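Just so you know, the protein sequences line up as chains W and G, in that order. For the first sequence, the residue numbers in the working numbering are 3 to 497. For the second sequence, the residue numbers in the working numbering are 346 to 843. Here a beta-carbon is modelled for each residue, glycine too, at the ideal position from N, C-alpha and C. The structure displayed is predicted, hence computed values, not measured ones.
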Amino acid sequence: MISPIILPLIAGLLCFLLNRRTFAIALAAAVANLLAVCFLTYQLLLFGPMRCHMGGWQPPLGITLRSDGPAVLMLLMTAVTGLAITVYARGYFSHRILNLRQATQHQEQQRYFWPLWMLLLAGLNGLFLSNDIFNLYVTLEIIAIAAASLAALSGKPASQLASFRYLLVSLLGSLTYLLGVVFLYRSCGILDLDILQHHVANGPGIRAALALMSIGLLLKTALVPLHFWLPPTHANALAPVSVILSGLVVKGSFYLLFRLWFEIFTQLITPSALNFMGTLGAVAILWGAVQAMRQHRLKLMVAYSTVSQLGYLFIAFPLSRIDESIQVWSIVIFMALGHACAKSALFMVAGAVFLHLGHDRIKDLNGVRASLPIPVFAYGIAGVSLMGLPPSAGFIGKWLLLTSSLTSSQWWWALVIITGSLLAMIYVFRVMSRFFVIPEDYSVTTSAPLSPLLEWPALIMALISLFLGLAASWPMKILATGNTALTQVFPGGLP
Amino acid sequence: MNWEQWLLPAILLSSFIPGIIIFALPEERHRLRTVLNLCGSILKIVLILVMDTGIYFGYNFEIRLSLIPGVELLLNGDPLSALFATLSSVLWLLTTVYAIGYLEGSPNRSHFFGYFSLCVTVTIGIALAGNLITFLLFYELLTLTTYPLIIHRGTEKSLRAGRNYLIYAFSGGAVFLFAVVALQTIIGPTDFTGAGFSPSFIDTHATALALIFILLIIGVGVKAALVPLHGWLPQAMVAPAPVSALLHAVAVVKAGAFGIIRIVLDVYGPQNLLLLGVLPLLAAVASITILYGSIRALQQDDLKRRLAFSTISQVSYIALGISLVDQPLAVIGGLVHLVHQGLMKITLFFCAGNLAETLGIHRISEMDGVARRMPFTMAAFSVGALGMIGIPPTVGFVSKWYLGLGGLAAGNWWVVLILAVSSLLNACYFLPILIRAWFGKQQGPWPDELYSGRFETRFMLLIPPLVTAFIVIAAGAVANAQISPLAWVRFIVRKYGL
């Protein structure tokens, strides 16, 4: 169970120390990570949820790792996306650039990219597996530092500023979270989530703790109105970094928030708090989509679309009241998985277009279809998933959202969801139609041909997001198995 | 698993796989592409005929895939799906032949034929859908696969048309999705059983069910071009002629009309709708659309635009017939018009495309004396136009006859009135074209003569309209025979127990 954390960590160290064959090491780590996660899934389906006491120390003394349905699905999402990102990043950095200065710059960036990316992967896996509220803080911090450094890699002044702001926001979020943990420890004296679950009593200390932790995590998840840092950061980073930030990193903090609200502090959550989150989510969906429609640059548009799509995750909050936890988890998981795959594909396409044309101004994207057929195809499919059209994973998520909102007679959420998908249609196809224009004087530009490593990962991620809906019974099965109360304990060694 | 279950996926794959291969083919492999296209189309027709025969002898074709609890994909072959699937696949083959001739030498053909094949896959998917969710799936996919075809020329004008099409179609799709979810929360699974839901729901949820019916009709009405949701159709005329044929006769508009039939006959069921009392609304919208479309068609000089408004008008015959659901004769008229309108309209669009491709004629005012230059094309056009007016022995007469009989049987004299006025308007906008073409005198040279050869135009452009024109007359003349669209529709109506 520990291998998804250890493997990337070792790979990161090796990448940094050896500084040679970095791609081979990272690729090996990503593949090994995927295999480890698959094995974990297999174990979960066989034995149900599992727990591992690190070093053999029992909680409350020791730190525990836990794998259950949602955690394993998030790990799978990270592992698959991570593998695609690794391959894509290789293509990105080895893309031949005529300008010599830029080429050396790429070499330099690559040197720092691989160790940081591996560190980030370890942090994310740790976040999904940890069952200890302080250990979770540590993983959050690892993610924050690695992500902010990655965002700064591009070296442009705009990205420097954006990533610095990102670093401050992330640290602020982590510190707020840490303050919450301190409050919690003061009132309960427990850090293990499973034990905490049974000892949560309503009191001012705990409520303050929950509020602080939530605000910290919301800041990291970029829920409107705390989203201000996201678009510039995601849009100005290097293409593989944008994919990491938008596809994976925001999901990490959201996952933690959701777990705190729906598994640990369930008794403290009031309907008005849930409605508040839902309202913010609704505002995020509409505001993000409208902003995405108004952007002039492809990467900014995709970034604002992230703001919008994150809103769907929060609309699930008020709809969860009437349902059992598996229902809630399934909504969130499908939206998150679908978004992770589709958004990675979109940022990969945006990066490929940028390398090909040297810019990503939407009005000058004419005729890209002719020169980049595969990325354009991937863009279309990923767009379909963002719009929530069947049979994509986004459709399953939206279907569940709509069903819950109508069965609980909260039809206004349904209206927001539907309007959101129509707005998504407008921003997706605004770009799509540009790709299809064939200007009279069009000739293929003389930039170097794109490596297949830049094109195929995007298409594969897009196809996964599309067909995940058809295979929806598998994630459902994992969720259902992971939801049983019986927990198998695996020894993590001797004390 | 046995062959009955695998037949339906095989029908879908018979055009899906060629489509995917065509995407991957390099542009210049046009011979291989043509072979793939034609083999796929012919294989599809054969498979669908096997299905038709099976359905006639009472086989049950069904395959299910459960996604999550409450969301299930279901393909199901029943007589009604057989009607639509057979129509689409036969017209598909002809349109493919026509498109191969039409696009000879133009750029981006692998792209075009790839989407073309996906589009027919999706249309057949609509025909075979066995519940509302599957219908919704293919309905949305149809929008996606037709969009690249509409903007195929890549001009600003076609992009504008494409954008409008998307906005109309996806808004309709969104309304439809909302209605489907709402309906499922009330009545549970929405399989097309042929009987509708249990009447006990009406006691508890009458208003909600009536509202949902209206929303569902709005959802499919966008594609069926019911007024006031028709705005995208005339604009989509900028697309190449085979695509227009596809929009008007094979796939898109038909999918909308087919959706109306499914909702009325299968999802709600005639009895429930009579209880809810929402059908007069549908009848009124259909009647307004019939008259409005015809009147607007009168004002157009652009030939394709005139045909587009004529489609808006004619497709609503289907909705009108279905809205008189307690009259079996009217239902027969509506259902059979699904086939008949397709045959006639595709003939007209093929001919309009021939005029544009051969002589550069786009406007009716340029058509003087064109029949002397292109007698076969104009003969086919005349058959289609006379069919639209409803002159025996064409198929158009058969549809109108049954619709009128159905209206009279219920004492709905207004149906006959609408049919009469509409036929008069049809005559007003089609006869002048025929008179100009056959008896007019050529005014100067043709606008842009592109072809001069042994035949009046390219061989592959000439064959499809002649075949469809022949069917228009033949199917009308032998409408009472054992094998005709009308006989099959009677079989359907018996199945539904009307």
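Item to complete: Could you say which of G:Gly-499, G:Gly-517 and G:Arg-498 lies nearest to Glu-485 of chain G if we only look at CA atoms?
Response: G:Gly-517
_My assumption, with CB atoms under 8 Å, is that Arg-600 of chain G sits in contact with Thr-468 of chain G. Please give the rounded CB distance._
The residue asked about is misnamed: residue 600 of chain G is Ala in this sequence, not Arg. With a Cβ gap of about 6 Å, Ala-600 of chain G and Thr-468 of chain G count as contacting.
- Roughly how many angstroms lie between the CA atoms of Gln-350 of chain G and His-55 of chain W, to the nearest whole one? 50 Å
* **8 Å Cβ cut-off: residues of chain G touching Ile-398 of chain W** => Counting only Cβ-Cβ distances below 8 Å, Ile-398 of chain W has contacts in chain G at Leu-412, Ile-413 and Val-416, in chain order.
What residues in the stretch 801–832 of chain G bring their beta carbon closer than 8 Å to a beta carbon of chain W?
none
task: Leaving aside the five residues before and after Val-378 of chain W along the sequence, list all residues of the same chain whose C-beta is less than 7 Å from its C-beta, in chain order.
output: The residues are Val-370, Arg-371 and Phe-437.
query = Counting only runs that start and end within the stretch 642–729 of chain G, where is the alpha helix (DSSP H) found for 4 or more residues in a row?
reply = 648–668, 673–704 and 715–718
Leu-461 of chain W to Tyr-381 of chain W span [Cα, whole Å]:
So the two alpha carbons sit approximately 8 Å from each other.
Residues bridged to Ile-408 of chain G [DSSP beta-bridge criterion] = In the DSSP secondary-structure assignment, Ile-408 of chain G is bridged to G:Leu-420.
Discussion item. Starting from His-55 of chain W, trace the beta strand (DSSP E) in both directions and tell me its first and last residue.
Written reply: 52–56
**Q.** Rounded C-alpha distance that separates Ile-333 of chain W from Ala-527 of chain G
**A.** 18 Å
Check your understanding: In its own chain, which residues sit with a C-beta less than 7 Å from the C-beta of Ala-754 of chain G, not counting the 5 before and 5 after it?
Key -> Gln-672 and Leu-674
Could you give the first and the last residue of the continuous alpha helix (DSSP H) run that contains Thr-83 of chain W? 71–96
Next item on the list: Give the interface partners of Leu-591 of chain G over in chain W, defined as CB-CB distance under 8 Å, in chain order.
Entry: Within 8 Å Cβ-Cβ: nothing; Leu-591 of chain G doesn't reach chain W, min ~18 Å.
Under a CB-based cut-off of 9 Å, is Tyr-708 of chain G close to chain W?
Checking the sequence, you will find Arg at residue 708 of chain G rather than Tyr. Taking Cβ atoms only, chain W never reaches closer than 9 Å to Arg-708 of chain G, which makes this a no.
| Does any CB atom of chain W fall closer than 9 Å to the CB of Gly-533 of chain G? | no
Would you say Tyr-513 of chain G lies against chain W (beta-carbon separation less than 9 Å)? Not one chain W Cβ lies under 9 Å of Tyr-513 of chain G.
> Less than 9 Å separating the beta-carbons of Gly-64 of chain W and Gly-58 of chain W?
Replying inline: yes
So, using beta-carbon positions, are Leu-77 of chain W and Ile-135 of chain W closer together than 9 Å? no
Practice task
Count the other CB atoms, across all protein chains shown, that sit within 10 Å of the CB of Arg-296 of chain W; report buried if there are 16 or more and exposed otherwise.
Solution key: exposed
- Query: Under a three-way DSSP split, which group does Phe-558 of chain G fall into?
  - Reply: helix
Notebook entry, point to check: So, does the CB of Ala-372 of chain W fall closer than 9 Å to a CB anywhere in chain G?
Noted result: yes
Exercise. Indicate the three-state DSSP secondary structure (helix, strand or coil) for Ala-294 of chain W in the structure shown.
Key: helix
* Does the Cβ of Val-245 of chain W lie closer than 8 Å to at least one heavy atom of the ligand SAH? -> Because no ligand of any kind appears in the structure shown, any question about the ligand SAH cannot be addressed here.
Any C-beta of chain W under 9 Å from that of Asn-453 of chain G:
yes
If you run the structure through DSSP and keep just helix, strand and coil, what is Ser-411 of chain W?
Assigned with DSSP and collapsed to three states, Ser-411 of chain W falls in coil, not helix or strand.
Tyr-114 of chain W to His-108 of chain W, Cα distance in whole Å? 10 Å
Practice task
Can you give me the start and stop residues for the alpha helix (DSSP H) that Met-389 of chain W sits inside?
Solution key: 375–389
**Q.** Selection from G:Ala-540, G:Phe-521, G:Pro-544 and G:Gly-533 that minimises the alpha carbon distance to Phe-558 of chain G
**A.** G:Phe-521
Name the DSSP beta bridge partners of Asp-194 of chain W, please? W:Asp-134
Checklist line | Own chain, CB closer than 6 Å to Ser-426 of chain G, minus 5 neighbours either side, in chain order | finding: Ala-472 and Leu-473
Legend entry - Neighbouring residues, chain C, relative to Met-303 of chain W (Cβ below 7 Å): Among the protein chains in the structure shown, which are W and G, there is no chain C.
Query raised in the report: According to DSSP, which residues form a beta bridge with Val-491 of chain W?
Result: W:Arg-53
Next item on the list: Would you kindly check if the distance between the Cβ of Ala-13 of chain W and the Cβ of Met-120 of chain W is under 9 Å?
Entry: yes
* What is the rounded straight-line gap between the Cα of Ile-816 of chain G and the Cα of Leu-688 of chain G? -> 8 Å
Q) Run through DSSP, which three-state label would Leu-186 of chain W get? A) helix
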